[in-house]
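Number of protein chains: 2
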Amino acid sequence: MTMLVVGSVAQDTIHNHLGTHPYIIGGAAVFTSLSASTYGPVQLVGIVGRDFPPEAISMLEARNVDLEGLEITDGKTFHWEGRYSDDLSSRETIRTDLNVFADFRPKIPERYRDTDYLMLANIDPDLQLDVLNQVREPKMVVADTMNFWIESKLDSLKALLERIDVLTINEEEARQLAEEHNVVTAARALTGMGPKTVIIKRGEYGALLFQGDAIFSAPALPLTDVRDPTGAGDTFAGGFLGYLASEGFGDDFETLKRAVIHGSALASFCVQGIGIERVKSLSREDITGRVNAFRRLVSFS
Amino acid sequence: MTMLVVGSVAQDTIHNHLGTHPYIIGGAAVFTSLSASTYGPVQLVGIVGRDFPPEAISMLEARNVDLEGLEITDGKTFHWEGRYSDDLSSRETIRTDLNVFADFRPKIPERYRDTDYLMLANIDPDLQLDVLNQVREPKMVVADTMNFWIESKLDSLKALLERIDVLTINEEEARQLAEEHNVVTAARALTGMGPKTVIIKRGEYGALLFQGDAIFSAPALPLTDVRDPTGAGDTFAGGFLGYLASEGFGDDFETLKRAVIHGSALASFCVQGIGIERVKSLSREDITGRVNAFRRLVSFS
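As they're listed, the protein sequences go chains U and L.
Quick note, the working numbering runs 14 ahead of the 1-based positions in the first sequence.
Quick note, the working numbering runs 14 ahead of the 1-based positions in the second sequence.
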């Protein structure tokens, strides 16, 4: 089964309780691809400038991420700089340099167009739609979005929702998009807009999976060594997609539940490292151990 | 097994999206007692004024709550008035009339002093200590507290912590008391202050149970018909205590996990009614059905 991930490839400058981490590799497509690549080969579509480090290219390729779809162009790579509060409970953006990302028009290589599992990471919904017009018959399309697009491109976002299978979205943004505070009512309103399955991401409180009347609640692993939450949501999406791809189609609720736990397991590793530090070196064994920790955390007799 | 609950008995005036509910029966000891009484007989120690409705007395007695310890004195019953935001995510206190509760000095009837399970609901820690000095050898002491006592009576609170088995506390207040943002580190700091077991209550995100290195995560049931969150934490404590009392001692982690789920089940009923409306009429069958709903919500194969 092939997986295709479309989204941002970035360099992040992160200030947190552990210091300043300048120009480390980041971006939703990178976190998602590295996470998904634990389960199988991944194709990435994104754009970077000529400053993007060759070591990062080699690292991604060594992790089974196909970079034929990574456009390298004149200019600088997308750069985000932010500062986390000491307890990591909030962050502020210091600057966003879109650079070459401002002109990103995803071009899906011919070889990628028959992909089975497609992750549309958080980008302009018009570009997400454009990707959908370039692929043939994916078995499953997962998309993420954010408040910026809800506020500025609602019509395009609604058109997108009609064409995807799974929406992953933060709790606050789910409320905003559904115009509904209650999280269950909000999730059901979102499934009414198109996606059969909705996953509400709640950060340190875990995630909720909705499909029809069924609900599954996944916890977050309570950790003492959280270093950097950057990319945790994208890493979650990669684990979710990767598990489903490794299992075959997997649209039944039991398989989706396990996929959410795998996503949560990957995300729990992500926050234990700075940037992609931890995600880039995970094995299937690491994941299995962590999935078992999730099982112990919630099971009762 | 006998259960003793000490705490506030009140009349609440609640303004919410459903209207104004004037002078309805409330108070931590009432929510906890009604919840615990689903499992067995409960003894209540509290204080009310002569205005306390005789129907409320009859209702409590019919629910197996022993009121020998309820002092009825000249003056008015403790009255709290508050307004919830339309989405129930926040509330403001409009007025607090302590009335006879200002002079509450818990007197434990002789007949209650050999109680097995003791719940010290959220009152002045000096009074909680005073209760401990009046009982003989309870098998388990559970206590709750709040930011007001952390800020005004920290020494007494710390003396209390050394003498209790289980602390139930809201997430924000756990952070405040432990002076530690990370919830795991905070919980471990709190167990270091005395109680072997700590339960962090997270409202609509559920609860975390800590004992030694073991952690259990209980979800909250995602509900579409939340009417009134008042008393949910106290109702949780009643279900927790009631289940343990019905099971015998129950200090092992597996039993504590089930007790947390029972507490969560009771709390999920509580929020579906205004005040005690739903809690006062629950059966063991209702609880069993809801515990199974919790199991379905978190289990994965």
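C-beta atoms are modelled at their ideal positions from N, C-alpha and C, and glycine is treated no differently.
DSSP state of residue i, grouped into three classes?
i                 : result
Arg-292 (chain U) : coil
Pro-139 (chain L) : helix
Phe-250 (chain L) : helix
Met-17 (chain U)  : strand
Leu-222 (chain L) : strand
Ser-278 (chain L) : helix
Pro-243 (chain L) : coil
Arg-125 (chain U) : helix
Ser-313 (chain L) : coil
Asp-26 (chain U)  : strand
Asn-196 (chain U) : coil
Ser-231 (chain U) : strand
Leu-102 (chain L) : coil
Thr-159 (chain U) : coil
Lys-215 (chain U) : strand
Ile-71 (chain L)  : helix
Ile-39 (chain L)  : strand
Asn-184 (chain L) : strand
Leu-84 (chain U)  : strand
Phe-118 (chain L) : coil
Phe-92 (chain U)  : strand
Gly-63 (chain U)  : strand
Val-56 (chain L)  : strand
Leu-33 (chain L)  : Looking at the sequence itself, residue 33 (chain L) is Gly, so the reference to Leu does not match. Residue state, collapsed to three classes: strand.
Thr-238 (chain L) : coil
Leu-255 (chain U) : helix
Arg-177 (chain L) : coil
Val-285 (chain U) : coil
Arg-304 (chain U) : helix
Determine whether the beta carbon atoms of residue i and residue j lie at a separation below 8 Å.
i                 : j                 : result
Asn-161 (chain U) : Gln-142 (chain U) : no
Thr-52 (chain U)  : Leu-296 (chain U) : yes
Met-15 (chain L)  : Ala-259 (chain L) : yes
Ala-279 (chain U) : Gly-253 (chain U) : yes
Ile-229 (chain L) : Leu-222 (chain L) : yes
Arg-177 (chain L) : Leu-146 (chain L) : yes
Ile-39 (chain U)  : Gly-289 (chain U) : yes
Val-197 (chain U) : Leu-204 (chain U) : no
Phe-249 (chain L) : Val-293 (chain L) : It is Thr, not Phe, that sits at residue 249 (chain L) in the sequence shown. For Thr-249 (chain L) and Val-293 (chain L), yes; Cβs fall inside 8 Å.
Ala-50 (chain L)  : Gly-21 (chain L)  : no
His-29 (chain L)  : Arg-125 (chain L) : no
Ile-214 (chain U) : Ile-183 (chain U) : yes
Val-23 (chain L)  : Ile-61 (chain L)  : yes
Could you list which residues in chain L have their beta carbon closer than 7 Å to that of residue i, in chain order?
i                 : result
Val-1 (chain U)   : Residue 1 (chain U) lies beyond the stretch modelled for chain U, which goes from 15 to 315, so this question has no answer here.
Pro-209 (chain U) : The premise fails here: Pro-209 (chain U) is roughly 18 Å from chain L at the closest Cβ pair, so nothing lies under 7 Å.
In terms of alpha-carbon separation, which member of the options lies closest to residue i?
i                 : options                                       : result
Val-19 (chain L)  : L:Val-79, L:Arg-119 and L:Phe-314             : L:Val-79
Pro-123 (chain U) : U:Arg-109, U:Arg-150 and U:Asn-136            : U:Arg-150
Asp-88 (chain L)  : L:Pro-67, L:Thr-249 and L:Gly-63              : L:Gly-63
Leu-134 (chain L) : L:Gly-277, L:Ser-315 and L:Leu-58             : L:Leu-58
Lys-210 (chain L) : L:Leu-175, L:Glu-261 and L:Leu-168            : L:Leu-175
Asn-306 (chain U) : U:Pro-233, U:Asp-158 and U:Leu-32             : U:Pro-233
His-195 (chain U) : L:Arg-216, L:Val-240 and L:Asp-158            : L:Val-240
Ser-313 (chain L) : U:Glu-291, U:Lys-271 and U:His-93             : U:Lys-271
Gly-83 (chain L)  : L:Arg-105, L:Met-154, L:Leu-48 and L:Val-56   : L:Val-56
Leu-255 (chain U) : U:Phe-45, U:Trp-163 and U:Gln-225             : U:Phe-45
Asp-144 (chain U) : U:Asp-158, U:Pro-120 and U:Ala-251            : U:Pro-120
Asp-140 (chain L) : L:Lys-167, L:Asp-158, L:Arg-216 and L:Gly-208 : L:Lys-167
Ala-251 (chain L) : L:Phe-92, L:Val-156 and L:Ser-282             : L:Val-156
Phe-308 (chain L) : U:Ser-72, U:Met-207, U:Ser-231 and U:Ile-61   : U:Ser-231
Thr-107 (chain L) : L:Asp-26, L:Arg-202 and L:Glu-268             : L:Asp-26
Using a C-beta to C-beta distance shorter than 7 Å, which residues of chain U count as neighbours of residue i?
i                 : result
Ile-229 (chain L) : Pro-236 and Leu-311
Residues of chain U with CB under 8 Å from residue i, in chain order?
i                 : result
Asp-242 (chain L) : Near Asp-242 (chain L) there are no residues of chain U at all, since even the closest Cβ is about 14 Å away, more than 8 Å.
Ser-103 (chain L) : His-195
Using a C-beta to C-beta distance shorter than 8 Å, which residues of chain L count as neighbours of residue i?
i                 : result
Leu-222 (chain U) : Pro-236
Tyr-98 (chain U)  : The contacting residues do not exist; Tyr-98 (chain U) stays about 12 Å from chain L at best.
What in chain L is Cβ-close to residue i, meaning under 9 Å?
i                : result
His-53 (chain U) : Sequence check: residue 53 (chain U) is Tyr here, not His. Residues of chain L passing the Cβ test: none, with the nearest at roughly 17 Å.
Next on the checklist: Please list, in chain order, the residues of the stretch 249-283 of chain L that have any C-beta partner in chain U closer than 9 Å.
Outcome noted: Glu-268, Lys-271, Arg-272, Val-274 and Ile-275
Item to check | Short-range partners of chain L found in the stretch 299-315 of chain U, where Cβ spacing is below 7 Å | outcome: Leu-311, Val-312, Phe-314 and Ser-315
Next on the checklist: Any C-beta of chain U within less than 8 Å: which residues of the stretch 169-185 of chain L qualify?
Outcome noted: none
Item to check | Contact list for the stretch 30-43 of chain U against chain L, Cβ threshold 9 Å | outcome: none
Next on the checklist: To be precise: take each residue of the stretch 54-71 of chain L, compare its Cβ to all Cβ atoms of chain U, and keep it if any distance is under 8 Å. Which residues remain?
Outcome noted: none
Checklist entry - In the stretch 113-141 of chain U, which residues sit with their C-beta less than 9 Å from some C-beta in chain L, listed in chain order? => result none
Checklist entry - Taking Cβ-Cβ distances below 9 Å as the criterion, which residues of the stretch 144-168 of chain L are in contact with chain U? => result none
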